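Residue numbers (the numbering used here), protein chains in the order written: chain G, 36 to 238; chain E, 552 to 738.
Heads up, the beta-carbon is just placed ideally off N, CA and C, and yes, glycines get one too.
As the structure is a computational prediction, the values presented were derived from the model and not from experiment.
Since the structure comes first, as structure tokens, the remarks are kept for the end.
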DNA sequence: GCTTTAAAAAGTAAGGT
DNA sequence: ACCTTACTTTGTAAAGC
């Protein structure tokens, strides 16, 4: 396993030193972000393709490793945000996002769109919400997807709003601020999505 | 073929120009008090004119970049105007500027909503990342342009070198969306 | 890669009242 | 809650770090 790592460029190039350094960081991240072996292997596969395409030339290796890792999470629908990966590797979120889009463009990768339903569990546990509230939020999001209110909206904001709406309906005492903080979005976004969900789903 | 006629507006035209002679930007700065010139920050001097409303970057090499015009014609008119104003201010410019349109940005409305998520899966060379940006980014090969497509059916087309490229791009995408049944009409 | 210019789309964000 | 301002994305040239 992980033989992919060893079958790249010559061991004496500066690029290779950075390469090893970047991947020792990936090992740290594996624990920090609780990543599976499958995700790590997929990261290796994607990074290898980027190397073969010459995408690493003149670019920061950590940035591309982070982007490959994020792409692997997306491809396997592992709920890790761009911010999680960026914070873990200690790079700006904007840089990881730019490298990620470069990988999609140059390697012709097609990723499943982030599903707000898969964001619910994380937000709910961070905010300490009940199972009942979580269940109702999932149903709200399923209904929302069918009416296509989700198009163009941040999945995290939608999931947070569905959970907040669910709290209100279940009488669970959580503030917008609690949910917003757990989801990493602002109260304003929750308010806007909440309004949209209530109106379009007539709840 | 498309069921609706898209409404297209040219929003910004970028042109490069050269008067093939060096310029002293410090003298221009003294002559025209409204220009912005901070060589530490950027080598170009910013020269704004009210009509056509544009901002032209002037470099010591005599090359320029004009941005903000609403058409190819206005962009060319703006560059000529800048050169004329410089001459009136005492700057000796021998040749007329050689102007090349480099980029045209336009907005358009296809007149119907879009199944964005399906479009992301069915349109080649497209990416849709709602956590990063609300629009789907589509790279068209001919004309070679990039279109930012939104769920509302509105879009932004950029990268065109001619106004006709804009209309062709919008028509091509509109036709493609209809063929793949990604448009939702009647609102 | 960055710096600066312009403009649109729609979403998100931040600050003030 | 509002409003305003500002940032995200796309493309493009310019000279220089």
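The continuous alpha helix (DSSP H) containing residue 577 of chain E extends over residues 576 to 582. Judged by beta-carbon spacing, residue 629 of chain E lies beyond the 7 Å limit of residue 708 of chain E, meaning their Cβ atoms are not closer than that value. Judged by DSSP in its simplified three-state form, residue 175 of chain G adopts helix.
For residue 85 of chain G, no Cβ of chain E is located within less than 7 Å of the residue's own Cβ. Counted as a single uninterrupted DSSP element, the alpha helix (DSSP H) harbouring residue 161 of chain G occupies residues 152 to 162. In the DSSP assignment, residue 94 of chain G falls outside any beta strand (DSSP E), carrying neither H nor E. Here residue 703 of chain E carries a coil assignment [DSSP, helix/strand/coil].
Within chain G, no residue has its beta carbon less than 9 Å from that of residue 729 of chain E; the closest one is some 18 Å off. Around residue 737 of chain E, no beta-carbon contact reaches into chain G at under 9 Å, the shortest distance being about 15 Å.
Residue nearest to residue 125 of chain G within the set G:229, G:67, G:223 and G:205 is G:67 (criterion: CA-CA distance). Here the stretch 106 to 114 of chain G makes contact with the stretch 151 to 169 of chain G; the two share three or more CB pairs at distances below 8 Å. Distances from the alpha-carbon of residue 632 of chain E to those of E:680, E:600, E:582 and E:594 put E:600 closest.
With respect to residue 721 of chain E, residue 557 of chain E sits close: the two C-beta atoms are nearer than 7 Å. Taking the C-beta atoms as reference points, residue 167 of chain G is found nearer than 7 Å to residue 205 of chain G.
In the pairwise beta carbon analysis, the stretch 184 to 199 of chain G is classified as touching the stretch 218 to 228 of chain G: at least three pairs are separated by under 8 Å. Look at residue 569 of chain E here: in three-state DSSP terms it is strand. By the C-beta density criterion, residue 210 of chain G is exposed, having fewer than 16 other C-beta atoms within 10 angstroms. Below the 7 Å Cβ cutoff, chain G contributes 186 and 187 as neighbours of residue 702 of chain E, in chain order.
In this structure residue 574 of chain E is not in contact with residue 602 of chain E, their Cβ atoms being roughly 23 Å apart against a cut-off of 8 Å. Note that the stretch 680 to 696 of chain E does not touch the stretch 637 to 647 of chain E; fewer than 3 beta-carbon pairs, one per stretch, sit closer than 8 Å.
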